[in-house]
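Reading through the structure tokens given below for one structure.
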Amino acid sequence: MHSADIRVTYLIKSFYTLLIALILLIFAHRIYTLFISNISSTINNDVLKCIQTPNISQLKNVLIEIIVITLFLKCLEIVFVNIGILK
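Taking numbering that gives the first Met the number 0, the leading residue of the sequence shown gets 0, the next gets one more, and so forth.
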């Protein structure tokens, strides 16, 4: 592999890792909000407003979208790693 291909592969791996962390953060925050925390105290919290979801169906939609993007990045990584074999 050329050094540029290796850099692209590492970049894709870092985005992949970031998306996995984002999935875990959103899921953990929503589970905490639903089952542990008092809902009235979390509504006024502006720190995590971008990952707040009002109901379970929106949580599923957000997680599914991120999982699809993550799977696409994993497939792209596999293609970049095996591009020499495909030629």
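We put the CB at the ideal spot given by N, CA and C, even for glycine.
Report buried or exposed for residue i, applying the criterion of at least 16 other Cβ atoms within 10 angstroms of its Cβ.
i	result
ILE25	buried
LEU72	buried
THR16	exposed
LEU70	exposed
ARG29	buried
For residue i, does the three-state DSSP call read helix, strand or coil?
i	result
SER36	coil
ASN54	coil
ASN60	helix
HIS1	coil
Compute the beta-carbon to beta-carbon distance between residue i and residue j, rounded to the nearest angstrom, for a pair I have assumed lies under 8 Å.
i	j	result
LEU23	ILE68	Contact flag wrong, Cβ pair sits at about 15 Å.
GLU64	ILE11	Actually they do not touch by this definition, with Cβ atoms about 18 Å apart.
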